[in-house]
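**Student:**
There are 2 protein chains.
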Amino acid sequence: MKKNCIVAQSGGPTAAINASLAGVIKEALSCGEFDTVYGAQNGITGILNESYINLTALIKENPNNLFLLKQSPAMYLGSCRFKLPDYSEDEAIYRQIFDAFETMNVSAFFYIGGNDSMDTVLKLSEYGEKTGSSIRILGIPKTVDNDLMATDHTPGFGSAAKYIAASMLEIAHDTYIYNIKSVTIVEIMGRDAGWLTASSALARNSYSRAPHLIYLPEAPFSKEAFLSDVKALLEKQNDVVVAVSEGIRDKDNNYISASDEKTDNFGHVQLNGAGKTLEYLVAEKLGVKVRSIELNLLQRCAEHIASQTDLDESFASGEKAVQLALKGVTASMVIMERNTPYAITYKAAPIKGIANEAKSVPREWINKEGNDVTEEMISYLLPLIQGEAKIPYENGLPVYLPVPHLIH
Amino acid sequence: MKKNCIVAQSGGPTAAINASLAGVIKEALSCGEFDTVYGAQNGITGILNESYINLTALIKENPNNLFLLKQSPAMYLGSCRFKLPDYSEDEAIYRQIFDAFETMNVSAFFYIGGNDSMDTVLKLSEYGEKTGSSIRILGIPKTVDNDLMATDHTPGFGSAAKYIAASMLEIAHDTYIYNIKSVTIVEIMGRDAGWLTASSALARNSYSRAPHLIYLPEAPFSKEAFLSDVKALLEKQNDVVVAVSEGIRDKDNNYISASDEKTDNFGHVQLNGAGKTLEYLVAEKLGVKVRSIELNLLQRCAEHIASQTDLDESFASGEKAVQLALKGVTASMVIMERNTPYAITYKAAPIKGIANEAKSVPREWINKEGNDVTEEMISYLLPLIQGEAKIPYENGLPVYLPVPHLIH
């Protein structure tokens, strides 16, 4: 009797995490080694709650669902923010999970996620090794933050980078229309890693140099230097566009966003984002027209402008995980190695050394002044946003695969 | 000797205002009645400053520029926020403008803009009539707000509506992933008119009913009713998505906004913070996970997801203005009349009665409870977002026509 496999998704959404799911399903179906591919809903908690979707049936009932799944935003299987306790503290939960694997006749478990999800992969792998389980446990990376170790970049990052760069270009066009001095501050995701904010630099072209200033969490932020940077630019040009990471910190490692507190109408302390904080600073100190824009959730879910390169690589990462499982690889995460000219080789890396670690932007990819990125950064980023996803439209809007728990 | 014409743009950007400019240029070149089409930079101030671009040359040097212009965001000629004084107060400025028309050998002036720009068209028309000028003065509507009188809808609105609906759908997918109660509030532009916020309803499909609540400025907003609406939904479902206009007001006409009010040059109250205000209200009173998202500038400049219907209609409005001028029509604005099945007839309407008036959402297109729109609204909106602009991409990003004042 053929074995089954289980796949789940965890952490925050990206435009490409369903592409990895589609890659797992496609390869698990076509390899002929599995009977049924089950999706656990809401990450690892779906196994604890015995909440599964039959993904083999989903694709067999309509093969076009695989195509739609590959380019649907957010997470088809739902997510969780659940940290497995150490097995020294609570072995029962591990027994429950591995009992479920046995009951479901499962030989492989695939977990698509970021840092926290790789912690789950690590812990399950260690428990499996300790108890002599033959179940292969594999992580498939995803995160818009691009902060996972060992891999050249992470699935999901390229689409977010493409959205950010395109939006930055469009915002720049918008700022150039008035014949007055103006400052526009765009706040971009990335609490600890500046990769997403750096990708705004891709918006630059032969006529527009926006963003004119870029501040990442990896270089200490000084309000004085920032004001001086903006002021110097305003002497040469009308419009200054600034890209700033939500996670910028001063030299003492204090978040810039937390430092300027005000109270709202309800008497609550309102923690302004980094963008709003800098907006108020410019208004107060420079007295020019200023606004801030927070790209917010759209940078991780704007499927309609996903990078085809990202979707294809995410899909291939899912396929690779299945191939690795069939070769007996376990306790590993799929990684991407970059070749020159740009091409990706998919490999496995031990999950230990990846889980709970974060990859920052190297300081040498930020300029000396800490207000821009270098050419090395641009060269690194550019291949990742190539190609436009061919999203089908109906009635003027993108068509995505329906969210399972909303179908009645 | 053939006459010339001048075209200018004013007010805030849209994704389609350059399409109207392209329509003017195309028709002015192909009709054979004009020698040169000049673009005045930064609206009417470009005439006062004698700042012109030769648009005939722009297209002749590369015919593809017309195609790129039609689908470039923001305003190729730049904008202004300049209110013409009454001629009883300052006739000199009118003499300066009409002298410039004479010097430039101009027989027609086209002004693409919204409410405030139509005020300029009205005043110039009245001065022209008073002084017996033969120059035809025509307004071409544009505004994402869709609040101009006499026309079925405004160029620029459909593209913003498409961006808002697509983003709402993607945000909805993002909210559905966790198995917990959550409220997501999306703040949408529209100071006095709820058309843009209403367009978020187009995101609804067979599986997703987000936005579950919609609040427009045209119905008085009650914090108590809002909390009760959200609470009732949270008893039935996990995720509640709310679309709210930046301009919602209570029954005493006070803005629901967390921040101090500022006024712009036209005396309009500048708003921000309706979304944030409601976010804090939900956090305090309902204690569930809540976040707010401001769509901000992107809803008016996201060319990459422009409505092809909107671009085509905006282009045709520009062409029509030229045709009207050739027929001797003046002191008028191009309007769109809707036919059934959906098709547009372009006509002229007297500028008096349009300038300084605003078209609100009819109360009967909002439901009785004031927390949703009706089917009539959906039917009205749906044709406007049809078709996807074919934006060329290079190196992973949209290609737009370079901003003239940035080219060196």
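Taken in order, these protein sequences are the chains called A and B.
In terms of my numbering, the first sequence opens at residue 1031 and continues consecutively.
In terms of my numbering, the second sequence opens at residue 1031 and continues consecutively.
We put the CB at the ideal spot given by N, CA and C, even for glycine.
Count the other CB atoms within 10 Å of the CB of residue 1060 (chain B); is the residue buried (16 or more) or exposed (fewer)?
**Tutor:** Per the 10 Å Cβ criterion, exposed.
**Student:** Run through chain B and tell me which residues come within less than 7 Å of residue 1423 (chain A), C-beta to C-beta.
**Tutor:** Chain B residues near residue 1423 (chain A): 1418.
**Student:** Among B:1186, B:1415, B:1360, B:1129, which has the Cα closest to the Cα of residue 1439 (chain B)?
**Tutor:** Nothing can be reported for residue 1439 (chain B): it is not among the residues displayed for chain B, which extend from 1031 to 1438.
**Student:** Which runs of the beta strand (DSSP E), 3 residues or longer, sit entirely within the region 1365 to 1432 of chain A?
**Tutor:** Fully enclosed beta strand (DSSP E) runs of 3 or longer: 1373 to 1380.
**Student:** Determine the DSSP secondary structure at residue 1205 (chain A), reduced to helix, strand or coil.
**Tutor:** Residue state, collapsed to three classes: helix.
**Student:** At 8 Å on the CB atoms, spell out the chain A contacts of residue 1199 (chain B), in chain order.
**Tutor:** Those are 1427, 1428, 1430, listed as they occur along chain A.
**Student:** Who pairs with residue 1171 (chain B) in a beta bridge, going by DSSP?
**Tutor:** Its beta-bridge partners are B:1143.
**Student:** Cβ closer than 7 Å: which chain A residues qualify as neighbours of residue 1046 (chain B)?
**Tutor:** None at all; the shortest Cβ gap to chain A is about 13 Å.
**Student:** For residue 1331 (chain A), which of helix, strand or coil comes out of DSSP?
**Tutor:** Three-state DSSP puts residue 1331 (chain A) in a helix.
**Student:** Is the region 1125 to 1145 of chain B touching the region 1407 to 1417 of chain A, taking contact as three or more C-beta pairs under 8 Å?
**Tutor:** The region 1125 to 1145 of chain B is not in contact with the region 1407 to 1417 of chain A.
**Student:** Among B:1378, B:1373, B:1062, which residue has its Cα nearest to the Cα of residue 1170 (chain B)?
**Tutor:** Considering only alpha carbons, the answer is B:1378.
**Student:** In terms of alpha-carbon separation, which member of B:1033, B:1076, B:1106, B:1182 lies closest to residue 1343 (chain B)?
**Tutor:** Cα-wise, what sits closest to residue 1343 (chain B) is B:1182.
**Student:** State yes or no: is the C-beta of residue 1287 (chain B) within less than 8 Å of the C-beta of residue 1246 (chain B)?
**Tutor:** Result no, Cβ atoms of residue 1287 (chain B) and residue 1246 (chain B) do not sit closer than 8 Å.
**Student:** If we count Cβ pairs, one from each stretch, closer than 8 Å, do we get three or more for the region 1330 to 1350 of chain B versus the region 1418 to 1436 of chain B?
**Tutor:** Yes: at least three Cβ pairs fall under 8 Å.
**Student:** Give the DSSP-derived three-state secondary structure of residue 1104 (chain B) in the structure shown.
**Tutor:** In the structure shown, residue 1104 (chain B) sits in coil (DSSP, three-state: anything other than H, G, I, E or B).
**Student:** CA-CA distance, residue 1227 (chain B) and residue 1216 (chain B)?
**Tutor:** Going by the C-alpha atoms only, they are around 9 Å apart.
**Student:** Looking only at its chain, what residues have a beta carbon closer than 7 Å to the beta carbon of residue 1386 (chain A), apart from the 5 residues adjacent to it on each side?
**Tutor:** Around residue 1386 (chain A): 1145, 1149.
**Student:** Which residues bound the alpha helix (DSSP H) around residue 1130 (chain B)?
**Tutor:** Unbroken alpha helix (DSSP H) run through residue 1130 (chain B): 1121 to 1133.
**Student:** Consider the Cβ of residue 1254 (chain B): report whether some Cβ of chain A lies at a distance smaller than 8 Å.
**Tutor:** Residue 1254 (chain B) does not count as touching chain A.
**Student:** In whole angstroms, what separates the C-alpha of residue 1078 (chain A) from that of residue 1176 (chain A)?
**Tutor:** So the alpha carbons of these two residues sit roughly 29 Å apart.
**Student:** Could you pull out every residue in the same chain whose Cβ sits closer than 8 Å to the Cβ of residue 1297 (chain B), ignoring the five residues on either side in sequence?
**Tutor:** Confidence at residue 1297 (chain B) is low in this model, with a pLDDT of 47, below 50, so its placement is unreliable and the value that follows should be read with caution. Taken in chain order, the list of residues that qualify is empty.
**Student:** Check distances from the C-beta atoms of the region 1176 to 1209 of chain A to those of chain B and list, in chain order, the residues that come in under 7 Å.
**Tutor:** From the region 1176 to 1209 of chain A, only 1192, 1195, 1196, 1197, 1199, 1200, 1201, 1203, 1204, 1206, 1207, 1208, 1209 have a Cβ closer than 7 Å to chain B.
**Student:** Could you tell me which chain B residues have their CB closer than 8 Å to the CB of residue 1241 (chain A), listed as they occur along the chain?
**Tutor:** The premise fails here: residue 1241 (chain A) is roughly 14 Å from chain B at the closest Cβ pair, so nothing lies under 8 Å.
**Student:** In the DSSP assignment, what residue or residues form a beta bridge with residue 1069 (chain B)?
**Tutor:** In the DSSP output, where bridge partners are listed per residue, residue 1069 (chain B) has B:1037, B:1083.
**Student:** Secondary structure at residue 1237 (chain A), three-state DSSP: helix, strand or coil?
**Tutor:** Looking at residue 1237 (chain A) - three-state DSSP - the assignment turns out to be coil, as it is neither helix nor strand.
**Student:** If I measure Cβ to Cβ from residue 1428 (chain A) and keep anything under 8 Å in the same chain, skipping five residues before and after, which residues do I get?
**Tutor:** If we look at residue 1428 (chain A) and ignore the five residues flanking it on each side, its Cβ neighbours are 1333, 1334, 1421, 1422.
**Student:** When we look at the beta-carbon of residue 1372 (chain B) and count the other beta-carbons within 10 Å, is it buried (16 or more) or exposed?
**Tutor:** It counts as exposed.
**Student:** At a Cβ cut of 9 Å, what residues of the region 1043 to 1073 of chain B count as close to chain A, listed as they run along the chain?
**Tutor:** Those residues of the region 1043 to 1073 of chain B that come within reach of chain A (Cβ to Cβ, closer than 9 Å) are 1043, 1045, 1071, 1072.
**Student:** To the nearest angstrom, how far is it from the Cα of residue 1304 (chain B) to the Cα of residue 1277 (chain B)?
**Tutor:** The alpha-carbon atoms of residue 1304 (chain B) and residue 1277 (chain B) are separated by roughly 7 Å.
**Student:** If you follow the beta strand (DSSP E) that residue 1273 (chain B) is part of, which residue opens it and which one closes it?
**Tutor:** Where residue 1273 (chain B) is concerned, the enclosing beta strand (DSSP E) stretches over 1269 to 1275.
**Student:** Kindly give me the distance between the Cβ atoms of residue 1191 (chain B) and residue 1365 (chain B), rounded to whole angstroms, as I take these residues to be in contact under 8 Å.
**Tutor:** Contact doesn't hold; Cβ gap of about 19 Å is too wide.
**Student:** By DSSP, does residue 1187 (chain B) sit in helix, in strand, or in coil?
**Tutor:** Residue 1187 (chain B) falls in the helix class under three-state DSSP.
**Student:** Rounded to whole angstroms, what is the Cα-Cα separation between residue 1184 (chain A) and residue 1323 (chain B)?
**Tutor:** Their Cα atoms are separated by approximately 26 Å.
**Student:** Just grab the DSSP bridge partners of residue 1215 (chain B) for me.
**Tutor:** DSSP output for residue 1215 (chain B) lists B:1272, B:1322 as bridge partner(s).
**Student:** List, in order along the chain, the chain B residues whose C-beta lies closer than 7 Å to that of residue 1237 (chain A)?
**Tutor:** Under the 7 Å cutoff, chain B gives 1432, 1433, 1436, 1437.
**Student:** Please check if any C-beta of chain B sits within less than 8 Å of the C-beta of residue 1366 (chain A).
**Tutor:** Not one chain B Cβ lies under 8 Å of residue 1366 (chain A).
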